[in-house]
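Taking it in order: structure first as structure tokens, then the write-up.
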């Protein structure tokens, strides 16, 4: 089961409201490569994983991603507190504001609501771990792009932390793939699906 | 032709042994007992391991977190999380496991101190002054960063 820990993984303290920036960063809450998708992808893939290292790693990274979802929610919340009407009217935040006010809703920056079609659970460990490697890269690039679009150091410190976590997760998924491969037929790693044929 | 002696035919420089399975993605394994940052550097960098610290445009986080019971606990918790993911794929690294256990002890102490000053972290925590679970601030709020 999950037990709530009443603290963030890394502190979020944003002095200046900036609704324009919130309208971009919301993509890591509910966008195609965001933290909601990441946590659901890993926590769902683990059921069909053989081998304890793979079950453990997907549980641990999936759980950390839930913590990252909360941090992104905190950033969006703090960027949209005490907004003045003029800040909303003149900003890219207006289309989001009309639907969600200062609430935090899982949507992509482009306005598309969160969709399970942006994640995959194939039920084959090599396919799923390969998906996870790509997912970490896509999340990293999204954070790169946010860093290009933001000049607020309070925000960027947190974004850089989250971006670096994607690099670490990529490394661990790559190692997990190697651990899996060592247990398969060395002449033909694709001779069966270890999730159901072992 | 590439000089196989120079590039290391049997691994180490990106080449794999001739018997390795093909058509499969490879990520090199992190060496055992890798160099580590100090905990307070690790958390702002987002990794415990200098070898994995690969910042965008080489812009590194140089900020220091204010020293509070909360950031102390976040720092210790971060080192434990990072070591846990490392141990998930390096379960036989005894040195890393010893460091992991040392940080677990530090975390237990830090947690006790934090809860005494700032309130319960979970429903399982002791609550001596009424149902303090509900007390503001909640973690996502600006006020959660108060310096005690």
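Protein chains in written order, with the working numbering: chain E, 1018 to 1215; chain H, 866 to 1013. Backbone N, C-alpha and C define an ideal beta-carbon position, used for all residues, glycine too.
Per-residue DSSP class, three states only, for residue i
i, result
"residue 1205/E", "coil"
"residue 940/H", "helix"
"residue 1142/E", "helix"
"residue 1088/E", "helix"
"residue 1080/E", "helix"
"residue 991/H", "coil"
"residue 1111/E", "helix"
"residue 1101/E", "coil"
"residue 1135/E", "helix"
"residue 893/H", "coil"
"residue 1044/E", "helix"
"residue 1019/E", "coil"
"residue 1073/E", "helix"
"residue 1056/E", "helix"
"residue 979/H", "helix"
"residue 1027/E", "coil"
"residue 1021/H", "Examination of residue 1021/H is not possible in this model, given that chain H is present from 866 through 1013 alone."
"residue 1035/E", "coil"
"residue 952/H", "helix"
"residue 908/H", "helix"
"residue 1061/E", "helix"
"residue 1165/E", "helix"
"residue 1213/E", "coil"
"residue 888/H", "coil"
Contacts that residue i makes with chain E (C-beta to C-beta distance below 7 Å)
i, result
"residue 928/H", "1174"
"residue 894/H", "1192, 1195"
"residue 923/H", "What residue 923/H touches in chain E: nothing, since even the nearest Cβ is about 11 Å away."
"residue 910/H", "1181"
"residue 936/H", "1028"
"residue 904/H", "Residues of chain E passing the Cβ test: none, with the nearest at roughly 13 Å."
"residue 886/H", "1198, 1203, 1206"
Same chain only: Cβ atoms within 8 Å of residue i, ignoring 5 sequence neighbours per side
i, result
"residue 1169/E", "1031, 1033, 1035, 1038"
"residue 948/H", "913, 961, 964, 965, 968"
"residue 1057/H", "Since the first and last residues shown for chain H are 866 and 1013, residue 1057/H lies out of range."
"residue 1225/E", "Shown here, chain E extends from 1018 to 1215; a query on residue 1225/E therefore has no answer."
"residue 1187/E", "1150, 1153, 1154, 1157"
"residue 928/H", "909"
"residue 1058/E", "1079, 1136, 1137, 1138, 1148, 1149, 1152"
"residue 905/H", "929, 930, 940"
"residue 1074/E", "1189, 1190, 1193"
"residue 976/H", "938, 986"
"residue 942/H", "972"
"residue 1184/E", "1153, 1157"
Sequence-distant residues of its chain with Cβ nearer than 6 Å to residue i (five each side left out)
i, result
"residue 1131/E", "1047, 1053, 1123"
"residue 1083/E", "1056"
"residue 1026/H", "Lying before the first or after the last residue shown, residue 1026/H is absent from chain H, which here runs from 866 to 1013."
"residue 1050/E", "1155, 1156, 1159"
"residue 1002/H", "1008, 1009"
"residue 1129/E", "none"
Close beta carbons around residue i, own chain, < 7 Å, minus the five adjacent residues each side
i, result
"residue 1093/E", "1039, 1042, 1043, 1046, 1121"
"residue 899/H", "914, 916"
"residue 1215/E", "1067"
Beta-bridge partners of residue i, as assigned by DSSP
i, result
"residue 1124/E", "1130/E"
Neighbouring residues, chain H, relative to residue i (Cβ below 7 Å)
i, result
"residue 1077/E", "949, 950, 953"
"residue 1081/E", "946"
"residue 1120/E", "Those do not exist, as residue 1120/E stays about 13 Å from chain H at its closest Cβ, beyond 7 Å."
Where residue i meets chain H, residues with beta-carbon distance less than 8 Å
i, result
"residue 1223/E", "No statement about residue 1223/E is possible, as the shown extent of chain E runs from 1018 to 1215 and does not include it."
"residue 1185/E", "911, 912, 914, 917, 947, 950"
"residue 1177/E", "911, 920, 921, 924, 925, 926"
"residue 1087/E", "1004, 1005"
"residue 1094/E", "1005, 1006"
"residue 1090/E", "1005"
"residue 1074/E", "950, 953, 954"
"residue 1188/E", "892, 895, 917"
"residue 1164/E", "921, 922, 924"
Contact test: residue i Cβ vs the ligand HEM heavy atom, cutoff 6 Å
i, result
"residue 902/H", "The model depicted lacks the ligand HEM and carries no ligand whatsoever."
Contact set between residue i and chain E, taken where Cβ atoms lie within less than 8 Å
i, result
"residue 943/H", "1026, 1027"
"residue 890/H", "1147, 1150, 1191, 1194"
Partner residues on chain E for residue i, Cβ-Cβ distance less than 9 Å
i, result
"residue 939/H", "1024, 1025, 1026, 1027, 1028"
Neighbouring residues, chain H, relative to residue i (Cβ below 9 Å)
i, result
"residue 1020/E", "987, 988, 989"
"residue 1161/E", "921, 922"
"residue 1098/E", "1006, 1007"
"residue 1128/E", "None at all; the shortest Cβ gap to chain H is about 23 Å."
"residue 1070/E", "953, 954, 956"
Cutoff 7 Å: residue i Cβ touching any chain C Cβ
i, result
"residue 1002/H", "Chain labels in this structure do not include chain C; the protein chains are E and H."
On the three-pair Cβ rule with 8 Å, is the segment 1026–1036 of chain E touching the segment 1165–1175 of chain E? yes
Counting beta carbon pairs with one atom in the segment 887–903 of chain H and one in the segment 1180–1192 of chain E, are three or more of them shorter than 8 Å? yes
Cβ contact (3+ pairs, closer than 8 Å) linking the segment 1094–1101 of chain E and the segment 1113–1129 of chain E: yes
Counting pairs of beta carbons, one from the segment 966–977 of chain H and one from the segment 905–924 of chain H, are three or more of them closer than 8 Å? no
For the 8 Å Cβ check, are there 3 or more pairs between the segment 1068–1082 of chain E and the segment 946–964 of chain H? yes
With contact counted as at least three CB pairs below 8 Å, one residue from each stretch, are the segment 1061–1075 of chain E and the segment 1141–1159 of chain E in contact? yes
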